[in-house]
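Sequence order for the protein chains is B and V.
Numbered according to our numbering, the first sequence spans residues 1 to 480.
Numbered according to our numbering, the second sequence spans residues 1 to 441.
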Amino acid sequence: MRDLSERALDAASAAGASYADCRVINSTVQRLTVKNGVVASVELFEDEGIGIRVIADGSWGFAGADDLGPASIEETARHAVTIAKASSRVNRTPVRMAPAPALVGEYRTLVVRDPFAVSLDDKVDLLMRTDEAMSHLAQIRVRECSLEFVREIRHFASSEGARLDQTIIESGGGMDATATSDDEVQTRSFPNSFGRHQVCAGWEAIEAFDLPGNAGRIAEEAVALLTAAQCPAGTMTVILDATQAALQVHESCGHPTELDRVLGHEAAYAGTSFLTPDLLGTFRYGSEQVTITADSTSAPGLGTFGWDDEGVAAQRSVLVDRGLFTGYLSSRETAAAIGQVSNGCMRADGWSRLPIIRMTNINLEPGTSSLEEMIATTEHGVYLETNRSWSIDDRRLNFQFGTQNGWEIVDGKRVRLVRNPIYSGQTPEFWGSCDAVAAPAEWQMFGVVNCGKGQPSQLMHVGHGAAPCRFQNVRVEPAR
Amino acid sequence: MRGGDDLLAMGDGALASLARGEAEVVISDTRSELTRFAGNEIHQSVAERFRHVRVRLIDGGRTGVGEVRGHDGRAIERAFAAAEDSRRVTTESAVSPLPAPSPGESDEPVAFAEATAATMPQGRAELVAIITDAAGAHGINAYGALSTSTTTTAIVTSAGLRRSATSTQASLVSVARGDDGGGYASRHSPDIDALDVPGLAAEVVDTCERNQGATAIGPGDYEVILSPYAVTDMLEHLAWGGFSALAVQEHRSFMRIGEKLMSDRITIRDDARTHEIFAFPFDDEGVSTRPVTLIDRGVCSAVVYDTPTALHDGVTSTGHSLPQPNTWGPLPRHVAMDAGSTPWQEMVGSVSRGLYITRFWYVRDVHPLRTVITGMTREGTFLIENGSITRPVRDLRFTQSIVEALANVIQVSRERRLELGEGESGVLSPWLHIGRFSFTS
């Protein structure tokens, strides 16, 4: 990989680049799915290529190719420079990057058992046992469970002298049980919805999920939802389980703190942000209970690495400190625009995509309460589990979420299961109403594997540590 | 990148060494480039080229899949090896057979334009400058992306199927932002020379300038005029969740064949032969994509099939397969709603009090069986009073059943626009005048 990157940097420089970096990436993905008792697919995917980013005549250019022959690499580097020079004819403002040390090093995800050393037969066996455990209820019409494993070997080199090698390993898995009746469809998922829960770890993470051990319960819960009462409507107390809290953090804190959104770089697609620079350090984002960090060192989150995709070291920074808005997710270019240095959030979806600002592990720091205590001290409200739908406006203020499961709480007790719950609100008011976050014993790291952003579209794997948390005076209703 | 005949020859060569069982080899070469602009400057401009090889092996009642993205000479060999590893561990089951070739079928029509395939970075920058210059002249900022792509796809199977096609796509999307509001416009075509860039620039600047200083309006049910950008989101959600035979077979779809669920003004089709919706002759199994009338004057008419769902129902595939095997089912990717007879401005003129919606944003399913979706309006929500658009209003959240909305359609416009949905499929949509649409916050 080093030979390839040196050739790319030399070619870019010769073509007129004032700065260049490149990433050579080799990735392997295993994806196994069992559906209704049949191995629906075992997909084995390999990918290799190089992405070259340059500054020439004051503008950015990027080109990627999967042909790693010498001529192709040189052509790709020259094309990146051609692109940059074409852009410079429109641009008035030359690119300026905040300084960053040129680092050299190696990083590897800590795994107990390499998931690629576990046989495909053992993986299929686990899924078949999970499927079988979901199969005992007639109302379950669709059973689906899956595993995914990713190994990405990355080499980064820059014209400033950085030389970085990383091997990132991810393991994920999950299940969905869908029950149907004449007029209703209900799905329950475990450990998380939308396919799976994923972390930067080895096979030990899959064993810890205990998919077969939870499959029967998930199927029973899906069937129970078919005849559960509709969620009550009104303004009430809402307690989120840790998975839904994680997605709430993702949508209403992670995205609006992306500095490229703030500066308008995503205005035509993902949107902008209500957290403008004039609010930094003064705006009350949430209550005293709310501290949110960006921490690319907090294994096993999916945003855990040694260096980001422009060579900045992994680090922890505070985005919201006891309710006060204190920081952004940044890159070298965007940090320079507000007089800061990068906190290492540039990530790319493979070799063929330009790095852009992405979440790392955006964590709601644990509090001192517990789920049991939150329920016991709630007069009337709902406890909501596992995301079903999510939507938020382009400035990340007006949100509406739905969950798979709801429990109505009356006088400190769960009194009944309710279906089709949705809740909605405005981001600062919502986080401002947070009066409890559970303690570290109930804090877990979750993964989001479908975070979309950028043009062309990039899907990123990001992490969120979260715990059950409680909010007051929230609008709740059933999806009708 | 190689042409279709070269990729077919590579597939033939790979199949020649197949010792047993059946195989499908799909090889595609892609070159795509995109120029992105923000604040009237180009801030990101990128290019990528790659080869994707996908091998499906079927033997002994087991199916395996291997995929490689890479250009080295061993990519096909590695994909075969991965497919065999995959096949070995799958369970014996009712294997979906490889489709038989249909003699005489043409690999036409396909949406291809040489101008798109030949576009260079400088040419894209010049087109972008038409928009940024127009925005700058009005003292506002333009944002957006201009993309071009060329893909050659070849499918070869041991059942004798051999198909290939080369297609192009050009897409231009722009948002303009002033001090207190924005506008949106887009244009898409197989042919970059057919993109009306000055028209887009004028539209996005005009919408932005009219959408300054929006004031709040309360939630509730409103009569609405939805622009094609918004209608596209609704059609795309119906396509994902409702128009698939698998969704019907799994009792997840709203479709009840033969029942009238929508206004008789509504007819929705899928027709992959339509040039402007990125015509493409076959699906991911190599089966010719047939036109299907999904909703016929409000009546649920038909759903789309791939080979597995067709076998289940004892019919033939309509040619709407995604790569097999999969758990998602078939998907219509060339959806169009039939045009009506009223110019869209006249539709606005018939509304005494209502809302004009330029586009939706972040639309997600709330209850798929009932086609309930939620999302926000964005970049151009206007109050209509006494037949005229009078002032901009702040964006609203809607939570609404699509089927119920389409049951309440009063008028369908004569004009239609092509838009790309979130899934990048082309959708040809008219303006719709809907009697009642529910805004929740």
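We put the CB at the ideal spot given by N, CA and C, even for glycine.
Is residue i near residue j, with beta carbons less than 8 Å apart?
{"i": "R62(V)", "j": "E92(V)", "result": "yes"}
{"i": "T293(V)", "j": "A272(V)", "result": "no"}
{"i": "V437(B)", "j": "M236(B)", "result": "no"}
{"i": "R23(B)", "j": "A348(B)", "result": "yes"}
{"i": "E285(V)", "j": "S425(V)", "result": "no"}
{"i": "A157(B)", "j": "A77(B)", "result": "no"}
{"i": "R129(B)", "j": "A179(B)", "result": "no"}
{"i": "L371(B)", "j": "E442(B)", "result": "yes"}
{"i": "I55(B)", "j": "G64(B)", "result": "no"}
{"i": "S146(B)", "j": "G173(B)", "result": "yes"}
{"i": "T374(V)", "j": "R364(V)", "result": "yes"}
{"i": "L417(B)", "j": "A224(B)", "result": "yes"}
{"i": "V150(B)", "j": "V29(B)", "result": "yes"}
{"i": "W407(B)", "j": "R414(B)", "result": "yes"}
{"i": "H265(B)", "j": "A135(V)", "result": "no"}
{"i": "A86(B)", "j": "A125(V)", "result": "yes"}
{"i": "S227(V)", "j": "T381(V)", "result": "no"}
{"i": "D306(V)", "j": "Q324(V)", "result": "yes"}
Using a 10 Å radius around the Cβ and a threshold of 16 neighbouring Cβ atoms, would you call residue i buried or exposed?
{"i": "V315(V)", "result": "exposed"}
{"i": "Q411(V)", "result": "buried"}
{"i": "A83(V)", "result": "buried"}
{"i": "P368(V)", "result": "buried"}
{"i": "I257(V)", "result": "exposed"}
{"i": "P198(V)", "result": "exposed"}
{"i": "G234(B)", "result": "exposed"}
{"i": "T282(B)", "result": "exposed"}
{"i": "H197(B)", "result": "buried"}
{"i": "Q122(V)", "result": "exposed"}
{"i": "S17(V)", "result": "exposed"}
{"i": "D241(B)", "result": "buried"}
{"i": "D309(B)", "result": "buried"}
{"i": "S253(V)", "result": "buried"}
{"i": "T35(V)", "result": "buried"}
{"i": "R370(V)", "result": "buried"}
{"i": "L418(V)", "result": "buried"}
{"i": "R74(V)", "result": "exposed"}
{"i": "L259(B)", "result": "buried"}
Per DSSP, residue i is paired with what?
{"i": "H197(B)", "result": "G173(B)"}
{"i": "K123(B)", "result": "K123(B) pairs with nothing; no bridge assigned."}
{"i": "K35(B)", "result": "V38(B), E144(B)"}
{"i": "N398(B)", "result": "Q426(B)"}
{"i": "M376(V)", "result": "W361(V), R397(V)"}
{"i": "W60(B)", "result": "I55(B)"}
{"i": "A154(V)", "result": "I27(V), S164(V)"}
{"i": "A229(B)", "result": "V418(B)"}
{"i": "Q30(B)", "result": "L44(B), F149(B)"}
{"i": "F437(V)", "result": "Y222(V)"}
Which same chain residues, not among the five before or five after residue i, have their C-beta less than 7 Å away from its C-beta?
{"i": "T377(B)", "result": "G412"}
{"i": "R388(B)", "result": "S193, G402, T403, Q404"}
{"i": "N211(B)", "result": "Looking at the sequence itself, residue 211(B) is Leu, so the reference to Asn does not match. Counting only Cβ-Cβ distances below 7 Å, and skipping sequence neighbours, we find L126, T130, C145, G173, M175."}
For residue i, which residues from the same chain have a beta carbon less than 6 Å from its beta carbon, with the 5 sequence-adjacent residues on both sides left out?
{"i": "T167(B)", "result": "R108, I153"}
{"i": "E106(B)", "result": "D165"}
{"i": "V231(V)", "result": "S429, L432"}
{"i": "D338(V)", "result": "T267"}
{"i": "R453(V)", "result": "Absent from the model: residue 453(V). The displayed extent of chain V is 1 to 441, so no value can be given."}
{"i": "V65(V)", "result": "R56, A83, S86"}
I'd like the list of long-range same chain contacts for residue i, defined as Cβ closer than 8 Å, with 5 residues on each side in sequence excluded.
{"i": "R316(B)", "result": "T293, A294, D295, S296, T297, S298"}
{"i": "T215(V)", "result": "R391, P392, V393, R394"}
{"i": "T274(V)", "result": "H334, A336, L428"}
{"i": "D59(V)", "result": "R20, G21, E22, R87"}
{"i": "E385(V)", "result": "S352, R353"}
How would you list, in chain order, the residues of chain C whose beta-carbon sits under 9 Å from the beta-carbon of residue i?
{"i": "L369(V)", "result": "The structure shown contains no chain C; its protein chains are B and V."}
Worksheet entry | Any 3 or more C-beta pairs closer than 8 Å across the segment 21 to 37 of chain V and the segment 138 to 156 of chain V | yes
Worksheet item: Is the segment 273 to 282 of chain V close to the segment 340 to 360 of chain V, with three or more CB pairs under 8 Å?
Response: no
Worksheet item: Are the segment 253 to 268 of chain V and the segment 297 to 317 of chain V touching by the rule of at least three beta carbon pairs closer than 8 Å?
Response: Touching, yes, given that three or more Cβ pairs across the two stretches are closer than 8 Å.
Worksheet item: Is the segment 461 to 469 of chain B in contact with the segment 355 to 375 of chain B, if contact means three or more CB pairs nearer than 8 Å?
Response: yes
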